[in-house]
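First comes the structure, then the notes that go with it.
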Amino acid sequence: MKWSKSYWLADDEISGTENAMTDLREAPSPLPDPRISIVLATFNERENILDTIGSIFEHLGDQVEIIVVDDDSPDGTWHLAQDLNHPRVKVIRRVGTRGLASAFNRGILESRGEIVGWMDADMCMPPAMLPGMIAGLGKYDIVVGSRYAPDGKDDRIFLRVAASRLINRLATLVLGYGIRDYDSGFVVLRRSVFDKVSLIPTGYGAYFMEFLYSCRRKGLTVHEVPYTFRDRQKGISKSAPSLWRFFATGMQYVIRIFVARLRRHD
Ligand SMILES: Nc1nc2c(ncn2[C@@H]2O[C@H](COP(=O)(O)OP(=O)(O)OP(=O)(O)O)[C@@H](O)[C@H]2O)c(=O)[nH]1
Ligand SMILES: [Mg+2]
C-alpha cells in the first residue's frame, strides 16, 4: 500500500493538524550540528505528535533536532511525522518490536546534540519547560521535570497520582533520598553523562528510576524542576488503558526498584 497524506488525514480527526504541518514546513533549514536533541517515543499518538513537535520547535527554535521513535503505530503516527518532511525531524519506525525504554535508547543512539533530552509525546509534559531545564545544565549534569518537587503538580485522577506517589516513596527508601519524581521520564542532560552511565533499555517507564539511581551512584548531579503534568487530553494511555494494565505496570515499577538496587552499576 502506498501511504499518502490524504490517507491518514482523510477526515477532520486531528484539529489544527493542517496548520501545524504548514508552519513546520516553513521552518528554517537545519543546522549542521544541532545543539539539542529531543527524543520522542511514540505509539498511537496521531492526535498529539504534531502538536508536540510544533511546540518543541516553538520553544527551542532552530537549535534542536527532534527524533521520533515509533513502534510501527497502527494509527500511522510515524507517517504523520515522516510526512512533515522536516529537515530537523528524524523518524525511526521500528517494525516488529515494542518497548518504551528501548525506543528512547534508540533515539539517544541516533542523536547528535551536545544536549540530549527525552519526553512523552502526548502533551502531558509541556515543551515550554525545556528552555529553563536546559539552562539548569549550566550547573547540573541532569535536569528532570518533576511533578512532585515543591510547586509541581500532577493533574491525573486520584488513583494514578496515589500509585505514582507510592512508587516514588518506595524508590526513595530503596534507591536513596533527594529525588521526588523518580519515574518522571522528562529530562535533559549533557551528552557527557553517557560516558559514565548507560540507559538499560528494558521495560516500560521504570527504566528511568534505575537510570537516575545509576547516575547518582556515578557522582552525577541531578536537579528537579517543578512542572504541572497535565493529564492526557487526546489519545489512549499505554501504561494504564485498563485497571489490570495499570496494576501490571505498577508491579513492573516495584520489581525494577529492587532490581536496580541489586544490580551492579559499574
Ligand atoms: N516507541 C514506543 N513508544 C511508546 C510505547 N508505549 C508508549 N509509548 C509512548 O511513550 C509515551 C508514554 O506513554 P503513555 O501512553 O503516555 O503512558 P503514560 O504516560 O504512562 O500514561 P498516560 O499519560 O496516562 O497516557 C507516549 O509518548 C507513548 O506514545 C512503545 O511501546 N513504543
Ligand atoms: Mg503519558
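Residue numbers (numbering that gives the first Met the number 0): 0 to 265.
Beta carbons are placed, not taken as given, at the ideal position from N, Cα and C, and that holds for glycine.
None of the values given here were measured: they were computed from a predicted structure.
Could you tell me the distance, in whole angstroms, from the CA atom of residue i to the CA atom of residue j?
{"i": "Thr-21", "j": "Arg-263", "result": "Legend: pLDDT at Thr-21 = 48, less than 50; position of this residue unreliable, value from coordinates given subsequently. About 49 Å."}
{"i": "Val-90", "j": "Asp-70", "result": "11 Å"}
{"i": "Val-38", "j": "Phe-103", "result": "7 Å"}
{"i": "Ile-156", "j": "Glu-46", "result": "21 Å"}
{"i": "Pro-33", "j": "Ile-199", "result": "25 Å"}
{"i": "Gly-249", "j": "Gly-60", "result": "37 Å"}
{"i": "Arg-255", "j": "Leu-261", "result": "10 Å"}
{"i": "Asp-265", "j": "Ile-48", "result": "37 Å"}
{"i": "Tyr-181", "j": "Arg-215", "result": "12 Å"}
{"i": "Val-160", "j": "Asp-154", "result": "8 Å"}
{"i": "Thr-96", "j": "Asp-121", "result": "21 Å"}
{"i": "Lys-217", "j": "Val-196", "result": "8 Å"}
Do residue i and ligand 1 come close, with the Cβ less than 7 Å from some heavy atom?
{"i": "Thr-201", "result": "no"}
{"i": "Val-68", "result": "yes"}
{"i": "Ala-161", "result": "no"}
{"i": "Thr-327", "result": "The first residue shown for the chain is 0 and the last is 265, placing residue 327 beyond what the model contains."}
{"i": "Arg-97", "result": "yes"}
{"i": "Ser-183", "result": "no"}
Any heavy atom of ligand 2 closer than 7 Å to the beta-carbon of residue i?
{"i": "Arg-231", "result": "yes"}
{"i": "Asp-121", "result": "yes"}
When the Cα of residue i is compared with those of the options, which residue comes out closest?
{"i": "Ser-54", "options": "Tyr-206, Thr-248, Leu-129, Val-187", "result": "Leu-129"}
{"i": "Ser-191", "options": "Arg-105, Leu-136, Leu-158, Gly-204", "result": "Leu-136"}
{"i": "Lys-152", "options": "Gly-204, Arg-179, Phe-210", "result": "Arg-179"}
{"i": "Pro-86", "options": "Asp-74, Ile-66, Arg-97", "result": "Ile-66"}
{"i": "Asp-194", "options": "Ile-107, Gln-62, Trp-77", "result": "Ile-107"}
Query raised in the report: What are the uninterrupted segments assigned as alpha helix (DSSP H) that are 4 or more residues long and contained completely in the region 35-89, given in chain order?
Result: 48-59, 76-82
**Report entry** Ranges of the beta strand (DSSP E) found wholly within the region 115-169, counting only runs of at least 3
**Finding:** 141-145
Requested in this report: Mind listing, in chain order, the continuous beta strand (DSSP E) runs of no fewer than 3 residues lying wholly within the region 188-254?
Outcome: 221-225
Query raised in the report: Touch check for the region 210-223 and the region 139-148: three-plus C-beta pairs under 8 Å?
Result: yes
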